[in-house]
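The sequence shown runs 1270 to 1492 under this note's numbering.
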Amino acid sequence: MELITIAYCCLMDQETINGLHVVEHPLVQHKLTEMRRKDTTSQNFRTLLNEISLLLAYEVTRELPTEEVEIETPLVKTKMPQLSAIPSVVSILRAGNGLLEGVLQVIPNARVGHVGLYRDHDTLQAVEYYCKFPPLEGGMTIVVDPMLATGNSASAALTRVKEEKPFSIRFLCLLAAPEGVKALRETHPDVEIWTASLDERLNEKGYIMPGLGDAGDRIYGTA
Ligand code: URA
1270 MELITIAYCC
1280 LMDQETINGL
1290 HVVEHPLVQH
1300 KLTEMRRKDT
1310 TSQNFRTLLN
1320 EISLLLAYEV
1330 TRELPTEEVE
1340 IETPLVKTKM
1350 PQLSAIPSVV
1360 SILRAGNGLL
1370 EGVLQVIPNA
1380 RVGHVGLYRD
1390 HDTLQAVEYY
1400 CKFPPLEGGM
1410 TIVVDPMLAT
1420 GNSASAALTR
1430 VKEEKPFSIR
1440 FLCLLAAPEG
1450 VKALRETHPD
1460 VEIWTASLDE
1470 RLNEKGYIMP
1480 GLGDAGDRIY
1490 GTA
């Protein structure tokens, strides 16, 4: 773990840290730094997000269960591992779709759900406006949203996903604020979090600091 990450983690209790996986791969960190730059264009931001999400998806799926199946190579019959089940992915609209594309490059046969939540700028609470899921019961679901800020949207999305009774859920984001991690681990202690960075804090408007600004605006050029 980076020193700076350790410093932030010291503010959290052990249980919170236990459920948090910071992906410190140099390629991820390099691309993230490029994304944070205010001069990075939407086009480059999207490309970088796509590349990072592919690397993050690799990490979040690292311990997926496999089973031995019999196959025939051109030379011989043999037993080899394959995924026991294909996870589903739920994107929290709209910024989640930026992460979704890279994840689908790693798990192309995943089924995809969307939940639309917007953040009320005054209360910072999540308000649901859209929800469409494939069958999630009994399987693993990866919920994606680039920014874990207050944790309100993520928490509301996870509550909604849990109504579908998946066997397990993982949360994948690009940046996390300590406040969001704490909130999510408290409301959904069974859901572990994968992120490229644990940033410093939230500012008074609920933005992650140092952050990268509004992820949706930067992906879609709507600022
Ligand atoms: N959502 C964003 O897009 N950026 C933040 O910094 C916080 C929430």
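Cβ atoms here follow ideal geometry from the backbone N, Cα and C, with glycine treated the same way.
{"Item": "According to DSSP, is Y1327 helix, strand or coil?", "Value": "helix"}
{"Item": "For L1325 and E1339, what's the separation of their Cα atoms in angstroms?", "Value": "30 Å"}
{"Item": "How about the stretch 1394 to 1401 and the stretch 1474 to 1483: do they share at least three Cβ pairs that are nearer than 8 Å?", "Value": "no"}
{"Item": "As a quick exercise: from R1306, L1318, T1309, pick the residue whose alpha carbon is nearest that of T1464.", "Value": "L1318"}
{"Item": "Considering only the alpha carbon of each residue, which of R1470, F1436, P1435 lies closest to K1451?", "Value": "R1470"}
{"Item": "With DSSP as the reference, identify every bridge partner of T1347, one or two as the case may be.", "Value": "I1340"}
{"Item": "Of all the options E1432, G1449, V1413, N1472, which has the alpha carbon lying nearest to the alpha carbon of A1364?", "Value": "V1413"}
{"Item": "Given a cut-off of 8 Å, decide if G1408 and I1488 are closer than it, judged by their beta-carbon atoms.", "Value": "no"}
{"Item": "Are I1361 and A1426 close, meaning C-beta to C-beta below 8 Å?", "Value": "yes"}
{"Item": "Which residues mark the beginning and the end of the beta strand (DSSP E) in which A1395 is found?", "Value": "1395 to 1401"}
{"Item": "What residue does the alpha helix (DSSP H) around H1299 start on, and which one ends it?", "Value": "1295 to 1305"}
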